[in-house]
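Numbering (my numbering), first residue to last: 8 to 443.
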């Protein structure tokens, strides 16, 4: 009887085509956005090219906006800046972040954030990773659909068990305080991870609903981990009227007892993605664990960038930036939303927040009626999108290889300049006209 040859040992990396494999290392998947950008680069995409439109991008236009504070273009490097910054961040920046939340969202409240409630890190994924590394042997609830990078993050750390919670387009992706209570009690959840506003759907948990979420988390001792990186991109009229920013910090009663963890930074809400200055705001005890995790995960962020960031946290400057974002991105939201509808896309929910539109291609011609097919067809005409299946967060692929519930959807970004959106919509018309 024939037998398979035993693998050789001690012969070095094994070739697979032009790429060797190494026994010690696993194949690390790319996040959805990186996959899409890589595919575009193989076809000649460059961020500086005016022959491409990147509607897959997860960053806003970072240029000057009318009414916004001038863009910072120079950075002083002072004595001591060649040294490491503290893992928790510069104390004066931590104070500025605490002051930002207290001044804008906690006036008249007895419990206020302090520098000890803040940890600074070098990017949003770094902040998320620190928090994930601080969790114990628990059930962690996360939503479907949600941010693509959550998938690998939730799989790498094995202490906690990620539990998916389905959101329905037919309900406008709504999830009430009562829904939250049912999931926590029914699934034995000790923590919830949620982007709010939600990436990719644009749903916002705000106002009374967000107050109820915080109250449920407080009552049931369930940590609520809010990714608030889009919290200054708010389009819901009632929330715009209360100040154009929505955050769980408004509804926390006791900053050191309520199990609310807030992640934010300069990347989206201040439009400085390249600075990689982000933060975690939470009870002091949680921050202690987050900082300890940072000491072995990343070692802390940039000292000169943190120092310069302090001026951006001044409430007057932050609100001027937010108003400018609202004025300019409202126009882009309208252009892309109306343009996609005119082309035949189905919109489950007009975005209440973020700079994304979550749309279904199901009513387009059959050859481009799913997200991956449309993505590939648009790529041939120099436009990048992100197929919806990438947001079907599935850590460890535990749900098997069944087709994604979101295979018909795509995420479209209105982060790029208006001219790039118009370019993309015209190319989409060509894609649809030539489809069979």
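Each residue gets a CB set at the ideal place from its N, CA and C atoms; glycine is no exception.
Item                                                                                                                                                                                : Value
Nearest-angstrom Cα distance between residue 161 and residue 402?                                                                                                                   : 6 Å
Could you tell me whether the Cβ atoms of residue 438 and residue 154 are closer together than 9 Å?                                                                                 : no
Measure the C-alpha to C-alpha separation of residue 12 and residue 35 and round it to an integer number of angstroms.                                                              : Note on residue 12: pLDDT 47, under 50, position unreliable in the model; the coordinate value appears next. Cα-Cα distance, rounded: 28 Å.
Just how far apart, CA to CA, sit residue 156 and residue 372?                                                                                                                      : 31 Å
With a threshold of 8 Å, are at least 3 pairs of Cβ atoms found where one atom belongs to the segment 176-184 and the other to the segment 244-261?                                 : no
Determine the closest residue to residue 283 out of 380, 362, 127, with distance taken between C-alpha atoms.                                                                       : 127
Cα separation between residue 328 and residue 361?                                                                                                                                  : 15 Å
CB residue 239 to CB residue 317, shorter than 9 Å?                                                                                                                                 : no
Taking only the alpha-carbon atoms, compute the straight-line gap between residue 289 and residue 390 and give it to the nearest angstrom.                                          : 40 Å
Should residue 200 be labelled buried (16 or more other beta-carbon atoms within 10 Å of its own) or exposed?                                                                       : buried
Mind listing, in chain order, the continuous alpha helix (DSSP H) runs of no fewer than 4 residues lying wholly within the segment 251-338?                                         : 273-276, 291-304, 310-316
If you run the structure through DSSP and keep just helix, strand and coil, what is residue 11?                                                                                     : Residue placement at residue 11 is poorly supported in this model, since its pLDDT is 46, which falls under 50; the coordinates are not used for a value here.
Could you pull out every residue in the same chain whose Cβ sits closer than 7 Å to the Cβ of residue 194, ignoring the five residues on either side in sequence?                   : 146, 148, 170
Leaving aside the five residues before and after residue 353 along the sequence, list all residues of the same chain whose C-beta is less than 7 Å from its C-beta, in chain order. : 366, 367, 369, 370
Given a cut-off of 9 Å, decide if residue 182 and residue 212 are closer than it, judged by their beta-carbon atoms.                                                                : yes
Just to confirm the assignment, what range does the beta strand (DSSP E) spanning residue 148 have?                                                                                 : 146-151
In chain order, what are the residue ranges of uninterrupted alpha helix (DSSP H) at least 4 long that sit wholly in the segment 362-431?                                           : 378-386
Just how far apart, CA to CA, sit residue 274 and residue 433?                                                                                                                      : 29 Å
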